[in-house]
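Single-structure report; data block below.
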Amino acid sequence: MAGRDYHCAREVLIIAAALSIQDPRERPFEARDAAEKAQARFNDEKSDFLSFLHLWDFFADALKHKKSNRLLVNTCHEHFLSYLRMREWRELHAQLAEIASELGLITRDEAHADAGQPDAQMSAKKRQQVDAVAYENLHKALVTGLIGNIGMKNQEGDDYQGARGVAFHVFPGSGLKKAKPKWLVAAELVETTRLYARCVAKIEPEWVEKLAPHLVKYHYFEPHWEKSRGEVVASERVTLYGLTLIPRRAVSYGRIAPEEARELFIRGALVNMEYVSNAPFFQRNQQLIREVEQLEHKARRQDVLVDEEALYAFYSERIPADVVDAASFEAWRKEAEKTEPKLLHLTREELMRHAAQHVTENQFPEWLELEDGKLKLRYRFEPKHPLDGVTLDVPLAILNRLQPAPFEWLVPGMVRDKLQQLIKGLPKQVRRCCVPVPDFVTRFLLSNPDPQQPIAPQLARFILRETGGVKVDIDEFNKQELPEHMLFNFRVIDDGKQEIGMGRDLIALQKQFGQAAQLTFRDTSAEFERDDVKTWDFGELPESIQFARGRQQLTGYPALTLEEDRVAIRLFDTQQVAERHHRQGVVKLLQLQLKEQMKQLGKGLPGMMQIALQLRAVANADDLLADAIAAICDRAFIGEDALPRNEKAFNDQKNRARTRLPAVIQAVAQYLQQISAEYVPLSQKIQKHKLGHELKQQMDKLVYKGFLAATPWSQLPTCRAI
Numbered sequence: 009m010a011g012r013d014y015h016c017a018r019e020v021l022i023i024a025a026a027l028s029i030q031d032p033r034e035r036p037f038e039a040r041d042a043a044e045k046a047q048a049r050f051n052d053e054k055s056d057f058l059s060f061l062h063l064w065d066f067f068a069d070a071l072k073h074k075k076s077n078r079l080l081v082n083t084c085h086e087h088f089l090s091y092l093r094m095r096e097w098r099e100l101h102a103q104l105a106e107i108a109s110e111l112g113l114i115t116r117d118e119a120h121a122d123a124g125q126p127d128a129q130m131s132a133k134k135r136q137q138v139d140a141v142a143y144e145n146l147h148k149a150l151v152t153g154l155i156g157n158i159g160m161k162n163q164e165g166d167d168y169q170g171a172r173g174v175a176f177h178v179f180p181g182s183g184l185k186k187a188k189p190k191w192l193v194a195a196e197l198v199e200t201t202r203l204y205a206r207c208v209a210k211i212e213p214e215w216v217e218k219l220a221p222h223l224v225k226y227h228y229f230e231p232h233w234e235k236s237r238g239e240v241v242a243s244e245r246v247t248l249y250g251l252t253l254i255p256r257r258a259v260s261y262g263r264i265a266p267e268e269a270r271e272l273f274i275r276g277a278l279v280n281m282e283y284v285s286n287a288p289f290f291q292r293n294q295q296l297i298r299e300v301e302q303l304e305h306k307a308r309r310q311d312v313l314v315d316e317e318a319l320y321a322f323y324s325e326r327i328p329a330d331v332v333d334a335a336s337f338e339a340w341r342k343e344a345e346k347t348e349p350k351l352l353h354l355t356r357e358e359l360m361r362h363a364a365q366h367v368t369e370n371q372f373p374e375w376l377e378l379e380d381g382k383l384k385l386r387y388r389f390e391p392k393h394p395l396d397g398v399t400l401d402v403p404l405a406i407l408n409r410l411q412p413a414p415f416e417w418l419v420p421g422m423v424r425d426k427l428q429q430l431i432k433g434l435p436k437q438v439r440r441c442c443v444p445v446p447d448f449v450t451r452f453l454l455s456n457p458d459p460q461q462p463i464a465p466q467l468a469r470f471i472l473r474e475t476g477g478v479k480v481d482i483d484e485f486n487k488q489e490l491p492e493h494m495l496f497n498f499r500v501i502d503d504g505k506q507e508i509g510m511g512r513d514l515i516a517l518q519k520q521f522g523q524a525a526q527l528t529f530r531d532t533s534a535e536f537e538r539d540d541v542k543t544w545d546f547g548e549l550p551e552s553i554q555f556a557r558g559r560q561q562l563t564g565y566p567a568l569t570l571e572e573d574r575v576a577i578r579l580f581d582t583q584q585v586a587e588r589h590h591r592q593g594v595v596k597l598l599q600l601q602l603k604e605q606m607k608q609l610g611k612g613l614p615g616m617m618q619i620a621l622q623l624r625a626v627a628n629a630d631d632l633l634a635d636a637i638a639a640i641c642d643r644a645f646i647g648e649d650a651l652p653r654n655e656k657a658f659n660d661q662k663n664r665a666r667t668r669l670p671a672v673i674q675a676v677a678q679y680l681q682q683i684s685a686e687y688v689p690l691s692q693k694i695q696k697h698k699l700g701h702e703l704k705q706q707m708d709k710l711v712y713k714g715f716l717a718a719t720p721w722s723q724l725p726t727c728r729a730i
């Protein structure tokens, strides 16, 4: 019957008849090798059953072309075939064919037809496909009757695991002994010295499931919600008589266990929000949950949002029992929302276990207002995570403009815990004067401390005042190791909002990225800048200007600066840096304007040769003169005057510089002469002193290469006196 269904009844009849008689192939012990060689033409590398078909066709052809019975018998002997068994095989086949034709399973003509010859016009690829289909159909039909004789090869060894726990080996005479297919079916299992499978063929385990659906068993494990499929999926294992046909495959779980699938759908898709949907209820509920989660991050507590069980209960009460996946859910939802649009809408009250009235915008702002606009603040409550606490996204262009002190105060809702931690970290004799600490912190905050200035000095002064004289060293605060969430976290981002650096030490970040920040700041300031300035012909130089960089409104500080011995106009990102550069640029521009005076100054100072000789241990003559000229120009050209910002102020400054230059030259020369005259004898005395090493270190901090320009003018007489 299976042969008819799979269009291979002719082949099945031949094989059935062959299996019902003794094998016509002979293997005499004394001629075993010769027999194997002669019969090799009948073998098939995938199926011993096909060997019978090859043998049948061989004998049928020999019968068709026989010249005499004796020659036919000789042909059988040459191939070590039993002529009598071959005749018996054909007679039994004829009887089976007669019975099959009477049952309507096959016609007489089909049963006795010769094997079809391949179409000569058929391509090799097409013939291969046809052969594969024929092989599959035939062996499916065979497996139908031999379902208990299948086996899977064990990973170790040559044996096979069969149905009901049996283990067997392939018979040594099989054509598949060396091939060792992973799965096979056997015509019979024969036990001699061991259990052998005789007449075997390679099969696929998937065939068995379809051929014997009433015998296979299904086992399900690891059910889970799968977002990409929009349904609950489980792993399925298929077995036959304890033999695993299919170890694992994904199947829809809704038809298998609808009640469990419904629960997993609700938990995975709706509670865990792993659902792909633009439905208004889902978008709104997601947003509400994110808002409550943000309250938890700000308040640094994890008991505000309700747990998953509460969310599950909310959805389970509303969703019917037959909803097990995304498709059935959407079909139900669209109908249900026609009469009750807000059926699945959560409320803030339903999502919150505890109120969080103290978490206000004032206490935990979303944005930080700066001169250059507002920057985004992000909150996270996850100890040991790099983003734990409050994080500020800082565009690289404004990194240098930030001052550390204001960030010590975090945000209003977080500074109280930090202040309490600072007080608790003080020595015991100080700490006990500040109890109860929460009340003490409240009084400090009510005293209106300046949030633009560092915490430690202000808190120390408050303790001194409140305790009637208890002094606190600032280092007692600075040496404390605060939890990371009590330090502002800075996330430096580029124009594409990609992170390029992050840390809680603003000064360290400015050192690391300060130069890059300045270059980034100047990328959009080319219109304000100018190179190789030789005279003040550019009008007013404002102290600051406003300009846009993308969506960011920035403030820049234009200034003269010195670049490779030339004056340029540049835009700086901080006022402090701009003022320092502007002083250098103005001095250099005045030097260019006062060429004669600078030429004369370059010839040297009074007594310069003697000075250079006495200070040769500090610097050579050229370096000393350059240092002296730098100090003279800074004092004579600028001194304590305001830096010029327009052409008139610059010209006025030039006149003042020309007037006071001689007096400054004389003063610097006098300082140098006095210092150099005392340097050598003082050095000799220091060498003989018992604290000579320490004294030498102190003197080297006063007199060194470049000390004149580096020492404030008011301190030069002090330096000489020391």
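In terms of the working numbering, the sequence shown opens at residue 9 and continues consecutively. Every residue, glycine too, gets a C-beta built ideally from N, C-alpha and C. Predicted, not measured: the structure shown is a model, and the values here were computed from it.
On the criterion of 16 or more Cβ atoms from any shown chain inside 10 Å, does H101 qualify as buried, or is it exposed? Buried, by the Cβ-count rule.
Have a look at L27 and V259 and give me their C-alpha separation to the nearest angstrom. Approximately 40 Å, taken between the alpha carbons.
Own chain residues within Cβ distance below 6 Å of F60, not counting five before or after: Cβ neighbours of F60 beyond the five flanking positions: I23 and A26.
To test your reading of the DSSP string, which unbroken alpha helix (DSSP H) runs of 4 or more residues are found completely within the region 63 to 125? Along the region 63 to 125, the alpha helix (DSSP H) occurs as fully enclosed runs of 4 or more residues at 77 to 86, 91 to 110 and 116 to 119, listed in sequence order.
Span of the beta strand (DSSP E) around P160: The amino acid occupying residue 160 in the given sequence is Met; Pro does not appear at that position. For M160, the enclosing beta strand (DSSP E) stretches over residues I158 to K161.
Nearest to E239 (by Cα), restricted to the options L278, V246, A638 and N663: Selection L278, V246, A638 and N663 evaluated against E239 yields L278 as nearest (Cα-Cα).
Given a threshold of 16 other Cβ atoms within 10 Å of its Cβ, counted over all protein chains shown, does G421 qualify as buried or as exposed? Buried is the call here.
Sequence-distant residues of the same chain with beta carbon closer than 6 Å to P213, five excluded per side: Excluding sequence neighbours, P213 sits near W191 and L253.
In chain order, what residues of the same chain lie with their CB nearer than 8 Å to the CB of Q723, ignoring the 5 residues before and after it? Beyond the five residues adjoining it in sequence on each side, Q723 comes within less than 8 Å, by CB distance, of no other residue in the same chain.
Can you have a look at V198 and say buried or exposed, based on whether 16 or more other CB atoms are within 10 angstroms of its CB? Its Cβ having fewer than 16 others within 10 Å, V198 is exposed.
In angstroms with no decimal places, state the Cα-to-Cα distance between L514 and I577. Spanning the two alpha carbons is a distance of roughly 28 Å.
Three or more C-beta pairs below 8 Å linking the region 636 to 648 and the region 666 to 686: Touching, per the Cβ criterion.
Rounded distance between the beta-carbons of G159 and G250, thought under 8 Å: Distance from G250 to G159 at the Cβ level is roughly 12 Å; contact not present, criterion being Cβ atoms closer than 8 Å.
With a Cβ-Cβ cutoff of 8 Å, do L404 and A524 count as a contact? Taking 8 Å as the Cβ cut-off, L404 and A524 qualify as a contacting pair.
Applying the 10 Å Cβ sphere with the 16-neighbour rule, what's the burial state of D127? Summary for D127: the model assigns pLDDT 46, below 50, so the residue's position carries little reliability; its value from the coordinates is reported in the next sentence. Exposed is the call here.
Which one of P459, L549, M9 and R574 has the shortest CA to CA distance from L113? The residue among P459, L549, M9 and R574 with its C-alpha nearest the C-alpha of L113 is M9.
Pop quiz: R561 and G381 are said to be a contact at Cβ under 8 Å. What is the actual Cβ separation, rounded to whole angstroms? Here residue 561 is Gln; the residue named in the question, Arg, does not match the sequence. At roughly 5 Å, the Cβ-Cβ gap stays under 8 Å, so Q561 and G381 are in contact.
From the DSSP output, which residues share a beta bridge with D401? Paired residues: R499.
I'd like to confirm the pairing. Which residues does DSSP put opposite T247 in its beta bridges? Note: T247 sits in a beta bridge opposite K225 and T252.
When burial is assigned at 16 or more other CB atoms within 10 Å of the CB, is M94 buried or exposed? Label assigned to M94: buried.
Three-state secondary structure (DSSP) at G173? Of the three classes helix, strand and coil, the one that applies to G173 here is helix, per DSSP.
Could you check the C-alpha separation between N67 and A105 for me, to the nearest Å? Before going further, note that residue 67 is Phe rather than Asn in the sequence given. Straight-line Cα distance between these residues: approximately 18 Å.
If F389 sits next to Q310, beta carbons under 8 Å apart, how far is it from one beta carbon to the other, in whole angstroms? Their Cβ separation, rounded to whole angstroms, is 7 Å, which keeps F389 and Q310 in contact under 8 Å.
Helix, strand or coil: how does DSSP classify P420 here? Helix at P420.
Leaving out the 5 sequence neighbours to the left and right, which residues in its chain are closer than 7 Å to D502 when beta-carbon positions are compared? Excluding sequence neighbours, D502 sits near L404 and I508.
Report buried or exposed for E551, applying the criterion of at least 16 other Cβ atoms within 10 angstroms of its Cβ. Counting Cβ neighbours within 10 Å, E551 comes out exposed, since fewer than 16 surround it.
Could you round the C-beta distance between R35 and A43 to whole angstroms and report it? I think they count as a contact, below 8 Å. Indeed, because the Cβ distance is near 5 Å, the residues count as touching under 8 Å.
Can you give me the Cβ contacts of K713 inside the same chain, cut-off strictly under 7 Å, excluding the 5 residues immediately before and after it? The answer, listed in chain order, is V626, A627 and D631.
Residues of its chain near I730, where Cβ-Cβ distance is below 7 Å and the 5 sequence neighbours each way are ignored: The predicted model places I730 with a pLDDT of 46, which falls under 50 and marks its position as unreliable, so this point remains unresolved.
I need the straight-line Cα distance from R270 to I327, nearest angstrom please. In a straight line, the C-alpha of R270 is about 9 Å away from that of I327.
Decide if K426 is buried, meaning its Cβ has at least 16 other Cβ atoms within 10 Å, or exposed. Classification of K426: buried, given that the 10 Å Cβ count is 16 or more.
Given 8 Å, three or more beta-carbon pairs between the region 644 to 664 and the region 681 to 693: The answer is no - the region 681 to 693 does not touch the region 644 to 664, with fewer than three Cβ pairs under 8 Å.
Is L517 near F498, with beta carbons less than 8 Å apart? Going by beta carbons, L517 and F498 fall inside the 8 Å limit.
Are the C-beta atoms of V20 and some chain D residue less than 8 Å apart? This model lacks chain D altogether, as it is built from one protein chain only.
A729 by DSSP, collapsed to three states: which one? Low per-residue confidence applies at A729: pLDDT is 46, beneath 50, and the placement is therefore not dependable, though the value from the model is reported in the following sentence. Reduced to three states, the DSSP call for A729 is helix.
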